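Right, one structure below, let's go through it.
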Amino acid sequence: GNSFEDFIENLVDVEGVNEHDPLAFFIQTFTQPTDILLTMFAKQVKQAKEELRVLDESKEK
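Using our numbering, you'd call the opening residue of the sequence shown number 1400 and step up by one each time.
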């Protein structure tokens, strides 16, 4: 996967963000529209959904 730094540099629009602001790393805008990012990372989205499904099922037991 991507490191946090790579994620921020490649996917998040950080122009005009003050890195000293405590809320600076709450992602506000992306470099691409969300639907394009979801398509680009469809494999990771599918994997994350499966992991969430397994976690939800484990809570039911």
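Beta carbons are placed, not taken as given, at the ideal position from N, Cα and C, and that holds for glycine. Predicted, not measured: the structure shown is a model, and the values here were computed from it.
Using three-state DSSP, classify residue i as helix, strand or coil.
i     : result
F1429 : strand
V1411 : strand
F1403 : helix
Would you report the Cα separation of residue i and residue j, rounded to the nearest angstrom?
i     : j     : result
K1460 : K1445 : 23 Å
E1414 : A1447 : 28 Å
L1451 : S1457 : 10 Å
T1438 : V1453 : 23 Å
D1455 : E1449 : 10 Å
F1440 : D1405 : 14 Å
If I follow the unbroken alpha helix (DSSP H) through residue i, where does it start and stop?
i     : result
V1416 : It is not in any alpha helix (DSSP H) - V1416 carries neither H nor E in the DSSP assignment.
K1448 : 1441-1459
Determine contact between the stretch 1407-1417 and the stretch 1430-1437, defined as no fewer than three beta-carbon pairs at a distance below 8 Å.
yes
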